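First to last, the sequence lines map onto chains A and B. Numbering of the first sequence is given in our numbering, commencing with residue 1 and proceeding in unit increments. Numbering of the second sequence is given in our numbering, commencing with residue 474 and proceeding in unit increments. Here a beta-carbon is modelled for each residue, glycine too, at the ideal position from N, C-alpha and C. Note that the coordinates shown come from a computational prediction; the quantities given were computed from them, not determined experimentally. What follows is one structure encoded as structure tokens, with my remarks underneath.
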Amino acid sequence: MSLESFTIMRHELLLTLSFLVILLAEVFTGEERKERVRGLAVIIFGIVTAVGFLPLPEGSIFGDMYRATRTTSLMKNILNIGTLIVFIQSYSWLGRAENRDRIHEYFMLLMTTLIGMNFMISAGHFLMFYIGIELATIPLAALAAYERFKNRSAEAGIKLILSSSLSSGILLFGLSMIYGTTGSLYFSEVAAEVRDMPLVILGFIFFFSGMGFKMSLVPFHLWTADVYEGAPVNVTAYLSVVSKGAAAFIFIIVLFTVFPVIIATWEKTIWIIAVLTITIGNLFALRQKNMKRFLAFSSIAQAGFFLLGFVGGNQLGMTTVIYYALVYIFSNLAAFGIVGIIADKTGRESMDDYDGLYRTNPGLSIAMMLAMFSLAGIPPVAGFFGKFFLFVAAAEKGFYVLVTIAVLNTIIALYYYLLVVKAMFINRNETPIEPFKSDSMSKLGLAICLAGIIVTGFASGIFEMIRNLSYGI
Amino acid sequence: MNILTWLVIIPLLTITGILLVKDARQAKIVSAFGMGIQLIVSAVIVYLYVAMRKAGITDEMVMISSYEWFKSLNIYYTVGVDGISVAMIALTSVVVFAGIFASWEMDDLRKEFFISLILLATGVFGFFISLDLFTMFLFYELAVIPMYILIGIWGSGPKEYAAMKLTLMLMGGSALLMVGLFGIYFNSAPDGGELTFNILEISKITIPIEAQRWFFPFTFVGFGVLGALFPLHTWSPDGHSSAPTAVSMLHAGVLMKLGGYGAFRVAMFLMPEAANEMAWIFIILTTISVVYGAFGAIVQKDLKYINAYSSVSHCGMVLFAVLMMNRTAMTGAVIQMISHGLMTALFFALIGMIYGRTHTRMINEMGGLMKVIPFLGVAYVIAGLASLGLPGLSGFVAEMNIFFGAFEHPDTFRRVATIIAVSSIVITAVYILRVIAILLLGPIRDHHFDHLNDAKWYEKLSIVSLLAGIIYIGMAPLHLSDIIRESVMPIVDKLL
Numbered sequence: 001m002s003l004e005s006f007t008i009m010r011h012e013l014l015l016t017l018s019f020l021v022i023l024l025a026e027v028f029t030g031e032e033r034k035e036r037v038r039g040l041a042v043i044i045f046g047i048v049t050a051v052g053f054l055p056l057p058e059g060s061i062f063g064d065m066y067r068a069t070r071t072t073s074l075m076k077n078i079l080n081i082g083t084l085i086v087f088i089q090s091y092s093w094l095g096r097a098e099n100r101d102r103i104h105e106y107f108m109l110l111m112t113t114l115i116g117m118n119f120m121i122s123a124g125h126f127l128m129f130y131i132g133i134e135l136a137t138i139p140l141a142a143l144a145a146y147e148r149f150k151n152r153s154a155e156a157g158i159k160l161i162l163s164s165s166l167s168s169g170i171l172l173f174g175l176s177m178i179y180g181t182t183g184s185l186y187f188s189e190v191a192a193e194v195r196d197m198p199l200v201i202l203g204f205i206f207f208f209s210g211m212g213f214k215m216s217l218v219p220f221h222l223w224t225a226d227v228y229e230g231a232p233v234n235v236t237a238y239l240s241v242v243s244k245g246a247a248a249f250i251f252i253i254v255l256f257t258v259f260p261v262i263i264a265t266w267e268k269t270i271w272i273i274a275v276l277t278i279t280i281g282n283l284f285a286l287r288q289k290n291m292k293r294f295l296a297f298s299s300i301a302q303a304g305f306f307l308l309g310f311v312g313g314n315q316l317g318m319t320t321v322i323y324y325a326l327v328y329i330f331s332n333l334a335a336f337g338i339v340g341i342i343a344d345k346t347g348r349e350s351m352d353d354y355d356g357l358y359r360t361n362p363g364l365s366i367a368m369m370l371a372m373f374s375l376a377g378i379p380p381v382a383g384f385f386g387k388f389f390l391f392v393a394a395a396e397k398g399f400y401v402l403v404t405i406a407v408l409n410t411i412i413a414l415y416y417y418l419l420v421v422k423a424m425f426i427n428r429n430e431t432p433i434e435p436f437k438s439d440s441m442s443k444l445g446l447a448i449c450l451a452g453i454i455v456t457g458f459a460s461g462i463f464e465m466i467r468n469l470s471y472g473i
Numbered sequence: 474m475n476i477l478t479w480l481v482i483i484p485l486l487t488i489t490g491i492l493l494v495k496d497a498r499q500a501k502i503v504s505a506f507g508m509g510i511q512l513i514v515s516a517v518i519v520y521l522y523v524a525m526r527k528a529g530i531t532d533e534m535v536m537i538s539s540y541e542w543f544k545s546l547n548i549y550y551t552v553g554v555d556g557i558s559v560a561m562i563a564l565t566s567v568v569v570f571a572g573i574f575a576s577w578e579m580d581d582l583r584k585e586f587f588i589s590l591i592l593l594a595t596g597v598f599g600f601f602i603s604l605d606l607f608t609m610f611l612f613y614e615l616a617v618i619p620m621y622i623l624i625g626i627w628g629s630g631p632k633e634y635a636a637m638k639l640t641l642m643l644m645g646g647s648a649l650l651m652v653g654l655f656g657i658y659f660n661s662a663p664d665g666g667e668l669t670f671n672i673l674e675i676s677k678i679t680i681p682i683e684a685q686r687w688f689f690p691f692t693f694v695g696f697g698v699l700g701a702l703f704p705l706h707t708w709s710p711d712g713h714s715s716a717p718t719a720v721s722m723l724h725a726g727v728l729m730k731l732g733g734y735g736a737f738r739v740a741m742f743l744m745p746e747a748a749n750e751m752a753w754i755f756i757i758l759t760t761i762s763v764v765y766g767a768f769g770a771i772v773q774k775d776l777k778y779i780n781a782y783s784s785v786s787h788c789g790m791v792l793f794a795v796l797m798m799n800r801t802a803m804t805g806a807v808i809q810m811i812s813h814g815l816m817t818a819l820f821f822a823l824i825g826m827i828y829g830r831t832h833t834r835m836i837n838e839m840g841g842l843m844k845v846i847p848f849l850g851v852a853y854v855i856a857g858l859a860s861l862g863l864p865g866l867s868g869f870v871a872e873m874n875i876f877f878g879a880f881e882h883p884d885t886f887r888r889v890a891t892i893i894a895v896s897s898i899v900i901t902a903v904y905i906l907r908v909i910a911i912l913l914l915g916p917i918r919d920h921h922f923d924h925l926n927d928a929k930w931y932e933k934l935s936i937v938s939l940l941a942g943i944i945y946i947g948m949a950p951l952h953l954s955d956i957i958r959e960s961v962m963p964i965v966d967k968l969l
């Protein structure tokens, strides 16, 4: 490999390097200084994230199995931002006594999944894509079971590994059919050979189902709520934001570059799945009382909104999917961050516990309100712009019925997001959550999220930059 | 910077000011100060506008300025005003100013109250100055969402239910509106060229009629929800009766006008052919609104409910007049928006003040209040007389224009609708006079009410600023209608 190929793969290589540094740091720090690994990991990853933004060459290596373009680099950067926020948010939780001997594991596993996601996004070949997906999934199951003494956490790990291996199996089956009909696994060669043939369609449907599991689209969403509830909050945040964002990215890349010929087929599929996902996700979220479950179902509905950008196969669609992923990272991580802080300080996770939160913790309540408004798509926060543009993207291709169903669903969503606002601001509580001071790292994480929620919308430059890097069919 | 943009910046600065000050007393002074400046700026804008027209500038919109925002979607922050929006801006600043003083004595979370209230006002001002549909929509939603917090925290009665119902119904309206806007946007360049959200540019082209048939109902109904279009008005009585005083004032006085304003500025102006085709459906619905609202008000016992139903009736009249599509009726519609804005704000302010003294809003529990609180009583009578259309007050000017214009139409359908709608004037007289008789006249029914205090200085300030508007429009209607009439023409011309 030449030096140039190193710079092409810089996201993955840097991650591997930081992975090794943390491993070494773990080995060479004494028992009483284990906590310092946290700070090291955050700093290293901050550097990795920053370096990711440097402009570096495009190209492909490993005989076109690995491709790096400015689009993939942008996607990886967005995932990096999300992961960095998760790292910052996990800082105080990792400092707990029961986690102290496993701090390095947490960071290493998360970085491994991120490497997998990066490979997946850069894949130019279905094998590379599959390796990436596996690398991204298996450590996640270990992470979900991170609090191994808690039954729920262990259960979440088992559920995640079982359902994701099932989905991987289905995905592989689909890929084998595609290989059988097209004779290749290279994206470019498959794209040239794909025809509107039954076996290709069948292969595509299997592939679609596999991706549906990863993105937790209805009807492949059943694992989501249990895993999200059982896993530690920070892992759930990672699962619902970074992991889901990565799945959405690779899915849209494959749809747009490998299957453009059969768009007539998949746009119908996506139409139906989008309606199902948004509606069912919303209806289930209505009745949830546990904040983590509530966010899990709301994030199922959000995944459905992503599909509105897929459906037209247009450049605007891809732009809005990437843009919405960025907005969603900030909004959802803010929500999970606050749930995490409160769970960490008081151990309370139910929506009823949030009654009267504003009177005791006004700052957190306002942050939560902004996050909820952003998820619901209320101006002036970024979620409004994200949703509006997703709808524009679908409307551009004439999917007005889909847009109408989706906007009516935003009203249902608004209802349950307002329930949280209602609990915090309007409801009274005899035993409210006591006022407490968050530590500085949690504050930093929240501050980044809130800055993102406010700035990403108004700063049109971000949208235009993403637009310039996106492509349609 | 464009003077119109200051209308958005001043409220935002005021909010920042409220955040910075320490206690609630300072917060209300900052709010009053900020909204006082806003009132002055609005007056300056009206003055500049009149001066420009006198100088012979005949552009459709003046004081236009435009900043590129989302380039690839051709979204701009574009502001500009014509006579209609200038009048609405003036109305809004008067009502907000009065609203601040009407809520001078809030007890709970005062800072938050003023912040939400002023945030709501920001949305309203932004809506009236926007010429770009995207920006307009953004401000529209910004104006709706603080209502939830305002009613939910500071409201009374079944406030949580009312707040949720109001928010969801209005946001539902805006969801429909959003689809309508997409339809307009993607048909804004039928001959190729760049798509645009700019109202003035879209008004120059003709949107294909098939698209209009689809998207006109979405847009009109979307705005209609906020304008209390029957049968989507049900949020209004609940919402208004549960809301705190200043919020009812602002909501009935100004926010409901967003619906009427949007209905003709966006729906009818940009899709005139479909508007003509479908006008009959909406004329029937608005006629029902007008009459039904009035009848609804007769049977209510709660002062706020009476006024909320009366708002349904009067706002229905705005939409009714707009659908008559001629110059007189349209001018009447705008005057009605202003006039109803002032008098309903006055009503709600007075009801709030009376409630603050008697702790009841049921009319049959009160009586003879004129003897103990004469200032509030007289103000209530004047507002009532304006509401039932007594000459010399603003209501008369508005209704005269509306019904005169509506009857101008030669076709029987519109004339019959007009005759039915006119009957609401009589019904209005019934419920207004009934309330005045029971509430203010007669013996004092409850000895607790023997020693009530009359209005304090801040309450008087609030009342007088609204009363002044009502009497001014009633006495010198041409000042207002001259500003409006010219600006109505471009819209009417497109509809003919």
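Quick check on the DSSP output: the beta strand (DSSP E) that includes ARG549 of chain B runs from which residue to which?
Arg is not the amino acid found at residue 549 of chain B; the sequence shown has Tyr there. From DSSP, the beta strand (DSSP E) with TYR549 of chain B extends over 548 to 554.
In this structure, does DSSP put SER90 of chain A in helix, strand or coil?
helix
So GLY857 of chain B contacts chain A; which residues on that side make the cut at Cβ distance below 7 Å?
Neighbours of GLY857 of chain B on chain A: none; closest Cβ ~34 Å, over 7 Å.
Under 8 Å, CB to CB, which of the residues in the stretch 640 to 652 of chain B have a partner in chain A?
THR640, LEU641, MET644, GLY645, ALA648, LEU649, MET651 and VAL652
For GLU430 of chain A, go through chain B and note every residue whose CB falls closer than 7 Å to its CB, in chain order.
Per Cβ cutoff of 7 Å: no residues; GLU430 of chain A is ~18 Å from chain B at best.
Within chain A, partners of LEU792 of chain B - CB distance below 7 Å
Result: empty, since nearest Cβ-Cβ is about 23 Å, beyond 7 Å.
Restricting to Cα atoms, I'd like to know which of B:MET508, B:LEU823 and B:PRO663 is closest to ALA684 of chain B.
B:PRO663
In the stretch 735 to 802 of chain B, which residue ranges form an unbroken alpha helix (DSSP H) of at least 4 residues, counting only runs that do not cross its ends?
745 to 772 and 776 to 797
Determine, for GLU417 of chain A, whether the minimum Cβ-Cβ distance to residues of chain B falls below 8 Å.
Sequence inspection shows Tyr at residue 417 of chain A; the Glu mentioned does not correspond to that position. With 8 Å as the cut-off, TYR417 of chain A does not count as an interface residue toward chain B.
Based on the DSSP output, what are the partners of ARG67 of chain A in its beta bridges?
A:SER60
Using a beta-carbon distance cut-off of less than 7 Å, what residues from the stretch 519 to 545 of chain B approach chain A?
TRP542, PHE543, LYS544 and SER545
Do SER714 of chain B and GLY630 of chain B have their CB atoms nearer than 8 Å?
yes
Residue range of the alpha helix (DSSP H) that includes MET291 of chain A
291 to 310
Simplified DSSP state of MET465 of chain A, which is helix, strand or coil:
MET465 of chain A falls in the helix class under three-state DSSP.
Can you grab the Cα-Cα spacing for the pair ALA335 of chain A / SER167 of chain A, in whole Å?
28 Å
Which two residues bound the contiguous beta strand (DSSP E) that contains TRP577 of chain B?
Here TRP577 of chain B belongs to no beta strand (DSSP E), and DSSP marks it neither H nor E.
Taking the C-alpha atoms as reference points, what is the distance between ASP196 of chain A and ILE278 of chain A?
28 Å
Have a look at A:PHE19, A:ARG67, A:THR16 and A:LEU17 and flag the residue whose alpha-carbon is nearest the alpha-carbon of SER5 of chain A.
A:ARG67
Determine which residues of the stretch 613 to 632 of chain B have a Cβ less than 7 Å from any Cβ of chain E, and write them out in chain order.
Protein chains in the displayed structure are A and B, and chain E is not among them.
Which residues of chain B have a Cβ atom closer than 7 Å to the Cβ of ALA395 of chain A, listed in chain order?
PHE655 and PHE659
Please report whether the beta-carbon of TYR400 of chain A lies at a distance below 8 Å from any beta-carbon of chain B.
yes
Is it the case that the Cβ atoms of TRP542 of chain B and SER374 of chain A are separated by a distance below 8 Å?
Cβ distance not < 8 Å, so TRP542 of chain B and SER374 of chain A don't count as in contact.
Assuming MET368 of chain A is part of the alpha helix (DSSP H), what are its boundary residues?
362 to 376
Throw me the rounded Cβ distance for the ALA740 of chain B and PHE693 of chain B pair, which I believe falls under 8 Å.
4 Å
Measuring CB to CB, does TYR980 of chain B end up less than 8 Å from PRO710 of chain B?
Outside the displayed span of chain B (474 to 969) sits residue 980 of chain B, for which this structure offers no information.
So what's VAL694 of chain B in DSSP terms, helix, strand or just coil?
VAL694 of chain B: helix per DSSP, three-state reduction.
For THR265 of chain A, the nearest candidate out of A:PHE208, A:TYR228, A:GLN302 and A:SER442 (CA to CA)
A:PHE208
Does DSSP put MET970 of chain B in a helix, in a strand, or in coil?
The first residue shown for chain B is 474 and the last is 969, placing residue 970 of chain B beyond what the model contains.
For ALA928 of chain B and THR885 of chain B, what's the separation of their Cα atoms in angstroms?
Whole-angstrom Cα-Cα distance: 50 Å.
By DSSP's criteria, TYR186 of chain A is part of a beta bridge. Which residues make up the other side?
A:HIS125
Does DSSP put ASP101 of chain A in a helix, a strand or coil?
helix
Which of the three DSSP states is assigned to VAL381 of chain A in this structure?
coil
State buried or exposed for GLU58 of chain A, treating a residue as buried only when at least 16 other CB atoms are found within 10 Å of its CB.
exposed
How about the stretch 764 to 780 of chain B and the stretch 896 to 910 of chain B: do they share at least three Cβ pairs that are nearer than 8 Å?
yes
Three-state secondary structure (DSSP) at ASP605 of chain B?
The answer is strand: DSSP assigns ASP605 of chain B an E or B state.
To the nearest angstrom, how far is the alpha carbon of PRO690 of chain B from that of ILE893 of chain B?
Distance from the CA atom of PRO690 of chain B to the CA atom of ILE893 of chain B, rounded to whole angstroms, is 24 Å.
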